[in-house]
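All remarks here apply to the structure that follows.
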Amino acid sequence: MRTPSLLLAALLIASQALANDPVTKPIKPASAKEEASSPQKEEAKPAKEAPATRESRSAETSRKKEAQAADELAVKIAERLAVLRKEKDETSKPAVRPYVRPYSAPVKKSANLDEKAKKHGSVSDKHWGYEGDEGPLAWGKLNPANTKCDIGDRQSPIDIRDGIRVELDTINFDYKPTQFQVIDNGHTIQVNLNGGNYLNVSGKNFELLQFHFHRPSEERINGKGFEMVAHLVHKDREGKLAVVAILLELGDPHAVVQSVWNNLPLEKSEAVKALKNIDLSQLLPKQHGYFTYMGSLTTPPCSEGVLWLVLKEPVSISAEQAAIFARLYPNNARPLQKSSGRIIKESL
18 MRTPSLLLAA
28 LLIASQALAN
38 DPVTKPIKPA
48 SAKEEASSPQ
58 KEEAKPAKEA
68 PATRESRSAE
78 TSRKKEAQAA
88 DELAVKIAER
98 LAVLRKEKDE
108 TSKPAVRPYV
118 RPYSAPVKKS
128 ANLDEKAKKH
138 GSVSDKHWGY
148 EGDEGPLAWG
158 KLNPANTKCD
168 IGDRQSPIDI
178 RDGIRVELDT
188 INFDYKPTQF
198 QVIDNGHTIQ
208 VNLNGGNYLN
218 VSGKNFELLQ
228 FHFHRPSEER
238 INGKGFEMVA
248 HLVHKDREGK
258 LAVVAILLEL
268 GDPHAVVQSV
278 WNNLPLEKSE
288 AVKALKNIDL
298 SQLLPKQHGY
308 FTYMGSLTTP
318 PCSEGVLWLV
328 LKEPVSISAE
338 QAAIFARLYP
348 NNARPLQKSS
358 GRIIKESL
């Protein structure tokens with residue numbers, strides 16, 4: 018029994034000696050028992066490591082969920098940023114406003130531009146007159162509506178001669194006292210009348226609208242001119258015009274002409290309403306014999322188709338009355354126009 022104990026002690030001492038000498042420590046071969054037990058230990062190890070594996074898988078799953086949540090959050094953030102950028106771009110765009118034409122101060126035409134327009138006949142609203150660049154020779158060029166002044170073949174006034182003497186219809190004047198207004202229209206002194214005054218000739222009725230004056234007379238009778246003339250403008254229901262010309266020569270003063278001069282306006286284009294009525298039957302000569310022909314207005318636009326009735330007997334006005342008009346309009350008569358073979362009739 019003592020031998021096994023001694024042997025066991027010797028083995029312990031040897032094992033300690035070997036343990037103290039790490040350099041010469043031999044690798045102890047595994048015994049059969051150890052080799053048999055080793056696989057069991059290795060097989061048992063996985064069983065012990067199972068909880069750690071579950072924890073790692075759980076952590077991995079958690080990380081995956083966190084990563085997925087982070088990705089989803091990043092996508093939502095990106096989408097929200099895109100929306101915000103779009104809204105910012107839209108709000109930063111300037112608001113669309115309706116177009117408003119910028120105001121520009123009117124530019125006054127210079128004298129050079131005005132002269133250039135005259136040369137090219139492009140002044141459509143140019144004031145016409147009786148002298149210079151605004152005179153009768155330019156009327157047709159000052160306004161396209163005045164072309165008849167240049168190219169018309171039935172223009173007035175004319176030198177009335179070689180009339181065919183025939184028994185013409187009597188002119189029946191139906192004039193009565195009426196209210197009137199006097200206006201200086203920049204070309205002549207014109208008297209506008211209230212309605213109710215008529216003439217009848219050849220079965221046609223014409224209503225008197227206004228009368229005005231020219232100096233010298235625009236008409237001539239066999240080459241003879243007169244101091245002034247009064248043109249009485251009438252219109253029928255169809256709009257056709259008939260003008261009665263009353264020739265005025267120097268002599269005694271005339272009451273009707275004086276009533277017009279008494280109401281002369283102080284400013285151009287401002288009508289003066291007379292307080293008393295006027296009776297144009299008193300302006301007519303005693304004899305109503307006349308010349309007649311088809312002509313035109315003697316002022317722009319020189320419209321044709323006007324029936325002219327020129328009374329043969331003149332009416333007298335005083336030199337003083339003529340001088341009053343001459344101070345305003347010394348010459349407002351259109352030059353004579355070609356008769357162009359027109360028929361002129363003269364009453365017996």
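With this note's numbering, you'll find the sequence shown wraps up at 365, consecutive numbering, no jumps. Idealized CB from N, CA, C, for every residue including glycine.
For residue i, three-class secondary structure by DSSP
{"i": "L353", "result": "coil"}
{"i": "S276", "result": "helix"}
{"i": "E77", "result": "helix"}
{"i": "R237", "result": "strand"}
{"i": "A366", "result": "With the chain covering only 18 through 365, there is no way to say anything about residue 366."}
{"i": "A291", "result": "coil"}
{"i": "E104", "result": "helix"}
{"i": "F308", "result": "strand"}
{"i": "K285", "result": "coil"}
{"i": "E89", "result": "helix"}
{"i": "S364", "result": "strand"}
{"i": "S335", "result": "coil"}
{"i": "K303", "result": "coil"}
{"i": "K82", "result": "helix"}
{"i": "S320", "result": "coil"}
{"i": "L98", "result": "helix"}
{"i": "L314", "result": "coil"}
{"i": "K62", "result": "Confidence in K62 is poor, its pLDDT being 48 and thus under 50, which makes the residue's placement too unreliable to answer from."}
With 16 other Cβ atoms within 10 Å as the buried cut-off, status of residue i
{"i": "V323", "result": "buried"}
{"i": "R351", "result": "buried"}
{"i": "I144", "result": "Per the sequence shown, residue 144 should be read as His rather than Ile. Exposed: under 16 other Cβ atoms inside 10 Å."}
{"i": "T375", "result": "Residue 375 lies beyond the range of the chain shown here (18 to 365); nothing can be said about it."}
{"i": "Q172", "result": "buried"}
{"i": "S276", "result": "buried"}
{"i": "E104", "result": "exposed"}
{"i": "L101", "result": "exposed"}
{"i": "V250", "result": "buried"}
{"i": "K285", "result": "exposed"}
{"i": "S234", "result": "buried"}
{"i": "T316", "result": "buried"}
{"i": "N163", "result": "buried"}
{"i": "Q375", "result": "One cannot answer for residue 375 here, as it falls past the ends of the chain, which runs 18 to 365."}
{"i": "N348", "result": "exposed"}
Spatial neighbours of residue i in its chain, beta-carbon cut-off 8 Å, leaving aside the 5 residues before and after
{"i": "S335", "result": "L267, G268, D269, P270 and H271"}
{"i": "P282", "result": "V199, I200, D201, A288 and V289"}
{"i": "L301", "result": "F190, Y192, I263, L328 and V332"}
{"i": "G146", "result": "G152 and H204"}
{"i": "G240", "result": "D176 and R178"}
Inter-residue CB distance, residue i and residue j (contact presumed, cutoff 8 Å)
{"i": "T205", "j": "F228", "result": "That belief does not hold up - the Cβ atoms of T205 and F228 are roughly 10 Å apart, past 8 Å."}
{"i": "L365", "j": "R182", "result": "6 Å"}
{"i": "V260", "j": "W325", "result": "6 Å"}
{"i": "D170", "j": "R237", "result": "With a Cβ gap of about 19 Å, D170 and R237 do not count as contacting."}
{"i": "L225", "j": "E244", "result": "Contact doesn't hold; Cβ gap of about 23 Å is too wide."}
{"i": "M311", "j": "R359", "result": "7 Å"}
Proximal residues to residue i (C-beta, below 6 Å), its chain only, five neighbours per side dropped
{"i": "F197", "result": "V208, L210, A291 and I295"}
{"i": "Q299", "result": "V273"}
{"i": "N280", "result": "V199, V289 and A291"}
{"i": "L7", "result": "A question about residue 7 goes unanswered here, because the residues of the chain that appear run from 18 up to 365."}
{"i": "G306", "result": "K329 and S364"}
Residues near residue i in its chain [Cβ-Cβ closer than 7 Å; skip 5 each side]
{"i": "S320", "result": "K165, S313 and L314"}
{"i": "G213", "result": "K193 and T195"}
{"i": "S356", "result": "I175"}
{"i": "Q354", "result": "Q172, S173, P174 and I175"}
{"i": "S75", "result": "none"}
Closer than 9 Å to chain C by CB, residue i
{"i": "Q299", "result": "Here chain C cannot be found, since the structure has a single protein chain."}
Beta strand (DSSP E) segments (min. 3 residues) lying fully within the segment 150–232:
Within the segment 150–232, the complete beta strand (DSSP E) segments of 3 residues or longer fall at 181–183, 189–191, 197–201, 206–210, 215–218 and 221–231, listed in chain order.
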